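Colleague: The listed protein sequences derive, respectively, from chains A and B. Quick note on numbering: the first sequence equals residues 1 to 480 in our numbering. Quick note on numbering: the second sequence equals residues 481 to 1811 in our numbering. Every residue gets a Cβ at the ideal spot worked out from N, C-alpha and C, and that includes glycine. What you are looking at is a predicted structure, and each value in this text was computed from that prediction instead of being measured. First the structure, then my questions, so here it is.
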Amino acid sequence: MSHCHRFSPVTQSRRQMLMQCANGFGAVALSALMADTKVASGAPIRRAALNPFEPRQPHFKPAVKQIIYLYMDGGPSQVDTFDPKPRLEKENGKPFGMKIEPTQFNNIGKTLKSLWDFKPYGKSGTPVSDLFPHIGQHVDDMVVIRSMTSKFSEHTNANYFLHTGIGIQGRPSMGSWVTYGLGSECQDLPGYVVLNGGLIPPGGQDNFNSGFLPASYQGSVFNSSPQPVANIRRTEASDLIQKNKLDILNRLDRDRLQQRGAESQIESAISNYELAYRMQMAVPGLMDLGDETKATLDMYGINDKFKNTQTFGRNCLVARRLIEKGVRFVELTCPGGNGDRWDQHANLKDGHTKNALSVDKPIAGLLADLKQRGLLDSTLVIWSGEFGRTPFAQGSNGRDHNPFGFSLWMAGGGIKGGMTYGATDEYGYKAIDRKVEIHDLHATMLHLLGMDHTKMTFRFSSRDMRLTDVHGNVIHEILA
Amino acid sequence: MPFATRTPYWPATCLALLCALPALSTRADEPTDTIAFTAPQLEFFEKEVRPLLVQRCYSCHSATSKKLKGELRLDSRAAVLRGGDTGPAVNFKKPSASLLIDAVNYGDLYQMPPAGKLPAAEIATLVRWVEMGLPWPTEKGPTGTATVEEFDLASRRQSHWSWRPVVRPALPTIQDADWPRQDLDRFILSRLEKEGLKPAPRAERHHLIRRLHLDLTGLPPTLAQTTAFLADETPDAYEALVDRLLKSPHFGERWGRHWLDLVRYAESRGHEFDYNAANVHQYRDYVIRALNADLPYDQFVREHLAGDLLPNPRSHATEGFNESILGTGFWFLGEWVHSPVDIRQDELDRYDNMIDVMCKTFLGLTVSCARCHDHKFDAITQKDYYALAGYLQSSGYRQVRFDTLQTNLKVARQLASFQEKAQPLLVTATAAARQKTLARLEDYLLFSLQTIGTLPAPHAGDPSKDVVFMDFEGGTYGDWKTTGTAFGDRPNTAKTIGKHQGDVSPAGKFFVNSHSLRNGTDVRHDDGARGKLTSPPFTVNHRYIRMLVGGGAHRGKTCINLMRDDKIVGTLTGKNNNRMETRWLDVGPFRGQLLSIEVVDEVTGAWGNIGLDHVVFTDQPPGVRRPHQQLAANQQAHVDAEARKAKLNPAIALAWTRHLLAERDNHNDPFYNWAQLIPAAGNSLPTDEAVRKQLETWKQRVATTWSLPEEARLLVDYATLPTPEFKTDGPAFGPSPRRVGQITLSPDAKSPITRIFGRAAAVRAADWARLNHQAGQQPDVGALGKFIRSGQTHRTPTFTVQHGSVHILVRGGGHIYAAVDSHAVIQGPLHRVLTTSFKNNEGKLQWVTMNLAAYRDHRVHLEITGAGNAPTEVLMVVEVARAPALPDDRPDPLAIARLQPPQATSAAILAVTYRDALKRVSEQLANAPGKLTPPEAALLTWIHRHPELFYLGDPLATAELEKVSGPLIASRNQLIQQIQATSRLAPAMLDGSAEDEFLLIRGNHKATNGTIPRRFLEALNGKNKPATGSGSGRLELAEHILSDVNPYVSRVMVNRIWHHLFGRGIVPSTNNFGVLGQRPSHPLLLDHLASTFKQDGWSIKTMIKTIVLSQSYQMSSRSNSRAEQADATNLLLHHKPVRRLEGEIIRDQLLALSGRLDTKMYGPSVPIFLTQHMQGRGRPGNGPLDGNGRRSIYLSIRRNFLHPMLVTFDMPIPFNSIGRRNVSNVPAQALILMNDPFVVGQTELWAKRLLSDTRWKDMPPQERFHARLEELYVTAFSRPPTVSEQEQFAQFIVAQGKALKIPAESQADDLRIWKDIAHILVNTKEFIFID
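See the structure below:
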């Protein structure tokens, strides 16, 4: 019957509320939240309503505080990366040995072995293909889940599904949910930042949207450019000129408010300018890597020859800086210009080689850097595509989309390093052991952040919406 | 109704929840099966099976499960046998097909256990167990509480407030009788008085004018409007203002935008490439016009649901086009996917969105929660959901020619009825014209034979005669040489080729055909033989080589080559058709040279054959059918003289002579056999022996009649299709199929009938071929966009695909779209096979084959579009493995032979046979046209197309005919003139066949459970009114929805209006009046407004006027502290709520202030300006930064590239019906107003406008400054600045002047300063809030 209580009138007066928020930076009231919300952690409504990014208490003690999602747009091939299948080697070039489900291109070729060799790495001996010699060094901090599944064979649906838990447009992204649930540790940057390496995944910005959640929780897409976010640079010729304007603006607004009487919406909108101004000041410094050492830059591959390694390396380094600042959720998209995203319907060899080269060293650098700074324990790093690829060829030298079984890895706090979890069949086609759904991934992510995925809800359209909808199980076996 | 508590209906709610608790029942007491199992079997069960079930299955499938899944229990034998909601878990007849076994094998429907596949050994154990017959010891079934929730519709309906009918309440009594201005005020006041509260005073007039302007039109008042209103002291000044604003065209733009939120309006499809949604702005314009015209809301609803089906659609006031049909466009504003791997799932997701949007928008109910199960809280069943889905299954998408639809439909109807009237007149008149000749037909026939036999030699200078090079009638290849095996050692006859080839239409008996019976084997399955047939060399003396060619269309591989010295100098192939047709090779360039002909078959497999016959050297160019010049002048004179002698009409006699000569070798001519009797030169008549021989070959052909193969499924048959089931998109296919015996009219009065139908067909007449689109219409995405479909498309009835080899019998040219699961984005890589095109094959019938094997068991209908200038005919659709042979369609001798079996033994008797046959068929056309057989109809067509053989040479008879046909043709031409060829397009619904949707267990389309009849919600009496009739039944649905039984339509709409005017609905959850929605704050007021709304004829403007004239609306937005303590959330409306403006209105205001606003209405949207941050697939073309000054409602809305400013200010993502926007407060909003180039640019324009105004130029600087500042304030806020504001800006000028290094004396006139002031004003909160 809990849904009945939300209509209880808020007993606190606006005046009281104003007093509470008068002196906080970013004291931002959200009437949307106030109107129709059951707040994440069960905290009183008012608390969450005041500042969208104010850190909020999780449901229980979290293992990690922040998340970096390395989004491998297009769907890397599991059997060429983290899921070795000797049987493919044996049956290479022969008709595929299992019943084949409909595929996106319906251009079914023969069984195709991995084009790369696998080697065991670390103490755990977790096998990684030659595509990732650097990432391989970190397997003892990683759990590789080999039994991921998705529900969609199309990029866009699968992207939405991975990001929002539902395969169509309009739902809040996981980063939005996390920021909505926990706020952010950083008060002068958005809580959910997407570092755009060059490729916006099919489905567009809606992969990072806040859907029906308040717009504050939308992913802010940062470009590598002098103006990484829209409207972040003043148009006035100097700080002083802008400051003069903001000063009189603030006075006019406050006078007016005093005159007309208290009104929380207006008060919040006034305070909003302070946060905006701070963001305007904070962002440029964030993207300027001038204060990093050459050793650091080298570690991330920023001085490598391959341009896309540099691009992704820079974003990995910015990701670390965002984590240091306390941003809650950072997502990285892949660099463009490798022919295509990890979507090798043809020319698997060339495409996967370039895509791997772009991300291998930067990711290894990121993991090493986080570790040496003691940040890896409180950060969860996740690597995956929206689905995997078929173990049989598309045409002769490509692979088609495969949502039935693919690999994902996590590294960082709260998880058991050096393990693999789940399995696909002998061909690497379908997950058959300890199958993991996207909802389970979301549930586990939230769990590591100290959130019960069944309790983190937002009322929309008169339903208590969840990132995991009505699904999701925490994968306890991979937790430390 | 209790009013004392602050939460009305609270007790009822609690009751509702109690009632909604699951009714408990257990199924433990069912009898256990008593089959005796052996001890080892039972031991196997106990040792192997039971532990497995307990460990792997019972957490979800037993009496002790926390939550029973799929209603399946596996904890007793009986329970396993009974199974779950998709049926029994085992199948003893075929154990491997048991659902249980399929599920553990990770089959299509289930993959169990979900977490991971069982080890192979455990699966084997279960298989063994099922094979044994499920051994299980006799035991009492387990007990537990895992049960299925019972659904009690009646009690749910009864216990929730919103299902109750709208009842007009009595007006509440109040103390302060002076306060109310409208009845509705009494409801507000009485609540306040009960709480001991006083309403806020009336707002100041400058607030009121800004509030009204922004609420009703979304634009601020101009300076002049403000001044006039503030100066107008008359008592009705306010009402006059309201009236003016309600009449403003901007009203529709403002309220139209509210409506577009509800229908998830967008102009692209989202998904991967964000494809364009064609012409949807027509829907937006429709909404704006409807609101401006104050279209009664019930009609607005009716048009949305079934505007395409209204018997009398509404016309645009001045342009006359069909308005009503545009409403149905809302169904198709959603996200669409290209190349979905699971096409049916995609359809269901689309339908789900459509049902969700429809039900939230019009009913305020969340019906789509019932897609997978009965609604968790509301009186809505899963059956209700699928009952509504059936309406969508029975309707489809189209682009409608809304401009011209009504006119053209009228023309089409008039043409049809005209035709009906004209047919008997013309049939009689043409028969009369023929009569004289027909009576003596035998004389004309005999005369022609005789005369041809005795023709004099042509004088020099006449064209050379055709030379038959090879006709293979000798039964051998003669001098022609073969290599390989394909051609055997001699030509074929009809008997030596495979029967499946049907009639290959040779000339004479023998012909070449490499697709043949060889060595006694029917080789059709592989067409394996290959080879070559080469002619002897010949010298070229003619311009052309004419021949009959059939077979495969492989270039260079199944072909006829023209060779010169071993080099190919010309070539042609078959057309993947066994029936041979006449083809030409131009050999003009080789005159005098030595060439040879090569017949090549180098292909095995499909269409790996070639056919050839009757190779003729000729000077007759391609396409010439009637070589009138064939007779030299002296020969014509001869015929003329002879005819006069015989007392025959010389012109007609000459025509017959020419005809027989010309068609002598044309086996498709009805007089072919007669022409074959043309005797050798010098003879007058054929011998009886020759007649007998000819008759024999004729009889041979008579023996074959065409019919569909037995195994063929006839999917669409126009002979039996009732007219109401004949669905078309517009006029071109006419109101019904053409029936047997109907005629086609020509514009030629001398020859007014061009066709008599022998088979029923859907026909797009040639008159409509010129239909086109007005320039600027957007095409649909993908293959469909490449066809001009609108207005000339016919939708077949729906059928279910069995094996997928579907063949469509057509004539003329056109396109076919197989609508499988309503998937319309035909844009690869998948589903490309759903469209195909066919070209006019010289007016001949052809089979068009579509391979739909990938869609077995899916429901499909075809949409067939006419193309090209010839008529397009669709005769039938069949599903059968291979395309059947083509049916008889020619006026060939068979028709005559069937009418009058030829038994003559002399030419004279045979001629009479011909005469009688023609007479008989003419009479049948007049008396019983519907009974004509296809060959008879073909013969009649032939007769009508050869007036020269019957009456053209008889001026009197021709004139008599023209007396009848002339006026008829003239009036028909007048009708055709009225066809409007060019039109605009808009998305709309197209009604299809009546199709009920399946009930999908848990929403899974692989688990169906019968179909649900189409109907409205059961709780609103829908069950008693299922759809009837031929189409979808949407119009009846609309009437049911609008009937008094349904309390939702009026309540939901007045609540929306209230929401937009007060910022919060009486029911705050505007889209959900269900249990999970919020309760009305003033339930009686809601019903008061709802009943007033209906009483006032569903007038939206009247309702708005009623509300804005109320005291409640005109209250000040300031609260007083006493009321604020008691009513902190202002639930009781003790003051007017402050509202943040929508992004669109903020932007529009900026344009209004800057003077950049372009008030142009309607039309295609302006592309939005794209920042470098907006990247991704489907990125559209960039638009102007200021959107050309157009109001925001005219900016394009592309799903994957939404306008950043509007979205930041909470314009919703168009994915679902949004009744209440978020009102968020985010830093990005401040950043936009501070730094966005558009905002900065508009404020600069505003400042420039100010400085260019010369009114104040002679004032002292100080005064000029104040005047200017006042101008800005009044324009922006409808009020002058306060003294304090003036002072602050005076200080600002100094500080900023210093910072900008502007000399003190010019500061008050400097653009840089005023630009900053303007910019500051739009950043104040007053600018983005309505006070």
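When the Cβ atoms of the region 867-886 of chain B are set against those of the region 1730-1741 of chain B, are three or more pairs found closer than 8 Å?
Modeller: At 8 Å Cβ cutoff, the stretches do not touch.
Colleague: For Phe1542 of chain B, which option in B:Thr1508, B:Val1706, B:Leu696, B:Leu614 has the closest C-alpha, if you only look at C-alpha atoms?
Modeller: Along the second sequence, one-based indexing puts residue 1542 of chain B at 1062. The shortest Cα separation from Phe1542 of chain B among B:Thr1508, B:Val1706, B:Leu696, B:Leu614 belongs to B:Leu696.
Colleague: Mind pulling the chain B residues with CB within less than 7 Å of Lys85 of chain A?
Modeller: Residue mapping note: residue 85 of chain A aligns to position 85 of the first sequence, counting from 1. Within chain B, no residue comes near Lys85 of chain A; the closest Cβ sits about 16 Å away, beyond 7 Å.
Colleague: Please compile the residues from chain B whose C-beta is within a distance smaller than 7 Å of the C-beta of Lys416 of chain A.
Modeller: On the first sequence, position 416 is the one that residue 416 of chain A refers to. Under the 7 Å cutoff, chain B gives no residues; its nearest Cβ is about 18 Å from Lys416 of chain A.
Colleague: Using CA coordinates, which residue listed in B:Asp1369, B:Asn1021, B:Asp1638 is at the minimum distance from Arg1235 of chain B?
Modeller: The residue labelled residue 1235 of chain B in the question sits at position 755 within the second sequence. Here the closest residue by C-alpha is B:Asp1369.
Colleague: Is Ala1033 of chain B near the ligand COA, going by C-beta to nearest heavy atom under 7 Å?
Modeller: For the ligand COA, the structure offers nothing, since it holds no ligand at all.
Colleague: In chain order, what residues of the same chain have a beta carbon less than 6 Å from the beta carbon of Asp36 of chain A, not counting five sequence neighbours either side?
Modeller: By one-based count along the first sequence, residue 36 of chain A stands at place 36. Unreliable positioning characterises Asp36 of chain A in this predicted model, as indicated by a pLDDT of 32, which lies under 50. The coordinate reading is nonetheless provided below. So the list reads Arg459, once near-sequence residues are dropped.
Colleague: Report the residue from A:Lys61, A:Pro55, A:Val128 whose alpha carbon sits nearest the alpha carbon of Gly418 of chain A.
Modeller: The residue given as residue 418 of chain A occupies position 418 in the first sequence. It is A:Val128 whose Cα lies nearest to the Cα of Gly418 of chain A.
Colleague: Just checking: is the beta-carbon of Glu815 of chain B within a distance shorter than 8 Å of some beta-carbon in chain A?
Modeller: Residue numbering aside, residue 815 of chain B sits at position 335 when the second sequence is read from its first letter. Interface residue, yes.
Colleague: Assess, as a yes-or-no matter, whether the region 898-905 of chain B is touched by the region 1286-1304 of chain B under the definition of 3 or more beta carbon pairs within less than 8 Å.
Modeller: No contact exists between the region 1286-1304 of chain B and the region 898-905 of chain B.
Colleague: Who are the Cβ neighbours of Tyr1431 of chain B in its own chain at under 8 Å, not counting the five residues just before and after it?
Modeller: Looking up residue 1431 of chain B in the second sequence gives position 951. Within the same chain, Tyr1431 of chain B has close Cβ partners Ala913, Arg914, Lys916, Thr917, Ile1132, Ala1437, Thr1438, Leu1441.
Colleague: Which residues of chain A have a Cβ atom closer than 8 Å to the Cβ of Asn1702 of chain B, listed in chain order?
Modeller: Sequence index remark: in the second sequence, residue 1702 of chain B carries index 1222 (1-based). Within chain A, the residues near Asn1702 of chain B are Ala32, Phe212, Pro214, Ala215.
Colleague: Closer than 7 Å by beta-carbon distance: list the chain A residues that pair up with Gly750 of chain B, in chain order.
Modeller: For the purposes of this step, residue 750 of chain B is taken as the residue at position 270 of the second sequence. Within chain A, the residues near Gly750 of chain B are Gln169.
Colleague: For the candidate residues A:Ile415, A:Gly413, A:Arg434, whose alpha-carbon lies nearest to that of Gly422 of chain A?
Modeller: Taking the first sequence and counting its residues from 1, the one referred to as residue 422 of chain A is at position 422. Minimum Cα distance to Gly422 of chain A is reached at A:Arg434.
Colleague: Rounded to the nearest angstrom, what separates Asp1066 of chain B and Tyr1152 of chain B at their Cα positions?
Modeller: As a working mapping, residue 1066 of chain B is identified with position 586 in the second sequence. As a working mapping, residue 1152 of chain B is identified with position 672 in the second sequence. Looking at the two C-alpha atoms, the distance is approximately 27 Å.
Colleague: Hey, does Thr846 of chain B have any beta-carbon neighbour from chain A nearer than 8 Å?
Modeller: For the purposes of this step, residue 846 of chain B is taken as the residue at position 366 of the second sequence. Answer yes: the Cβ-Cβ gap between Thr846 of chain B and chain A drops below 8 Å somewhere.
Colleague: In or out: Ile1048 of chain B buried (at least 16 other Cβ within 10 Å) or exposed?
Modeller: The residue given as residue 1048 of chain B occupies position 568 in the second sequence. When all chains shown are included, Ile1048 of chain B counts as exposed.
Colleague: Is Asn1803 of chain B buried or exposed, if buried means 16 or more other CB atoms sit within 10 Å of its CB?
Modeller: As a first step, residue 1803 of chain B must be located in the second sequence, where it is residue number 1323. Looking at its Cβ environment, which holds 16 or more other Cβ atoms inside 10 Å, Asn1803 of chain B is buried.
Colleague: If contact means a Cβ-Cβ distance below 8 Å, which residues of the region 1703-1715 of chain B contact chain A?
Modeller: Cβ contacts with chain A: Val1703, Ser1704, Asn1705, Val1706, Pro1707, Ala1708, Gln1709, Ala1710, Leu1711, Ile1712, Met1714, Asn1715.
Colleague: How many angstroms separate the CA atom of Ala595 of chain B from the CA atom of Val436 of chain A?
Modeller: Sequence index remark: in the second sequence, residue 595 of chain B carries index 115 (1-based). Sequence index remark: in the first sequence, residue 436 of chain A carries index 436 (1-based). Whole-angstrom Cα-Cα distance: 7 Å.
Colleague: Please go through the same chain and pick out, in chain order, the residues whose beta-carbon is closer than 6 Å to the beta-carbon of Ser1549 of chain B, but skip the five residues on each side of it.
Modeller: The residue you call residue 1549 of chain B lines up with position 1069 of the second sequence. So the qualifying residues of the chain are Gly1557, Gln1558.
Colleague: Please tell me whether Ile835 of chain B has its Cβ less than 8 Å away from any Cβ of chain A.
Modeller: By one-based count along the second sequence, residue 835 of chain B stands at place 355. Taking Cβ atoms only, chain A never reaches closer than 8 Å to Ile835 of chain B, which makes this a no.
Colleague: So is Val821 of chain B in contact with chain A if we call contact Cβ pairs under 8 Å?
Modeller: To locate residue 821 of chain B, count along the second sequence from 1; it is residue 341. Answer yes: the Cβ-Cβ gap between Val821 of chain B and chain A drops below 8 Å somewhere.
Colleague: In the DSSP assignment, find the unbroken alpha helix (DSSP H) run with Gln762 of chain B in it and report its ends.
Modeller: Counting from 1 along the second sequence, the entry for residue 762 of chain B is found at position 282. Its alpha helix (DSSP H) spans residues 761-772.
Colleague: Could you compute how far the alpha carbon of Leu579 of chain B sits from the alpha carbon of Val1083 of chain B?
Modeller: Position 99 of the second sequence, counting from 1, holds the residue named residue 579 of chain B. Position 603 of the second sequence, counting from 1, holds the residue named residue 1083 of chain B. Each residue's Cα considered, the two are about 47 Å apart.
Colleague: Rounded to the nearest angstrom, what separates Thr1421 of chain B and Met1060 of chain B at their Cα positions?
Modeller: The sequence position of residue 1421 of chain B within the second sequence is 941, counting from 1. The sequence position of residue 1060 of chain B within the second sequence is 580, counting from 1. Spanning the two alpha carbons is a distance of roughly 22 Å.
Colleague: In chain B, what lies closer than 7 Å to Val221 of chain A by C-beta?
Modeller: Position 221 of the first sequence, counted from the start, is the residue given in the question as residue 221 of chain A. Those within 7 Å of Val221 of chain A in chain B are His1653.
Colleague: Select from the region 594-618 of chain B all residues with a C-beta closer than 8 Å to any C-beta belonging to chain A, and list them in chain order.
Modeller: Here the close residues are Pro594, Ala595, Gly596, Lys597.
Colleague: Could you pull out every residue in the same chain whose Cβ sits closer than 6 Å to the Cβ of Ala484 of chain B, ignoring the five residues on either side in sequence?
Modeller: Indexing the second sequence from 1 puts residue 484 of chain B at position 4. Confidence at Ala484 of chain B is low in this model, with a pLDDT of 38, below 50, so its placement is unreliable and the value that follows should be read with caution. Result list for Ala484 of chain B: empty, nothing under 6 Å.
Colleague: Looking at Asp1396 of chain B: is its Cβ nearer than 8 Å to the Cβ of Gln1383 of chain B?
Modeller: One-based indexing of the second sequence puts residue 1396 of chain B at position 916. One-based indexing of the second sequence puts residue 1383 of chain B at position 903. Going by C-beta atoms, Asp1396 of chain B is not nearer than 8 Å to Gln1383 of chain B.
Colleague: Roughly how far, in whole angstroms, is the beta-carbon of Ser407 of chain A from the beta-carbon of Asp83 of chain A, given that I think they are within contact range, below 8 Å?
Modeller: The residue given as residue 407 of chain A occupies position 407 in the first sequence. The residue given as residue 83 of chain A occupies position 83 in the first sequence. Correct: roughly 5 Å between the Cβ atoms.
Colleague: Between which residues of its own chain and Asn571 of chain B is the CB-CB distance below 7 Å, once the five residues before and five after are set aside?
Modeller: Walking along the second sequence from the start, residue 571 of chain B turns up at place 91. Hits under 7 Å: Ala577, Ser578.
Colleague: For Val817 of chain B versus Val1529 of chain B, is the C-beta distance shorter than 8 Å?
Modeller: Walking along the second sequence from the start, residue 817 of chain B turns up at place 337. Walking along the second sequence from the start, residue 1529 of chain B turns up at place 1049. The answer is no: Cβ separation not under 8 Å.
Colleague: Pick out whichever of B:Glu1519, B:Ala1365, B:Gly1346 has its Cα sitting closest to the Cα of Gly1502 of chain B.
Modeller: Residue 1502 of chain B sits at position 1022 when you count from the first residue of the second sequence. Nearest of B:Glu1519, B:Ala1365, B:Gly1346 to Gly1502 of chain B, Cα basis: B:Glu1519.
Colleague: State the CB to CB distance for the pair Gly450 of chain A and Phe60 of chain A, rounded to an integer number of angstroms; the pair is presumed to be in contact (CB under 8 Å).
Modeller: Locating residue 450 of chain A in the first sequence gives position 450, where the first residue counts as 1. Locating residue 60 of chain A in the first sequence gives position 60, where the first residue counts as 1. Contact flag correct, Cβ pair sits at about 5 Å.
Colleague: Going along chain B, which residues have a C-beta under 8 Å from Leu249 of chain A?
Modeller: Along the first sequence, read from residue 1 onward, the residue named residue 249 of chain A stands at position 249. The answer, in chain order, is Ile1800, Asn1803, Thr1804.
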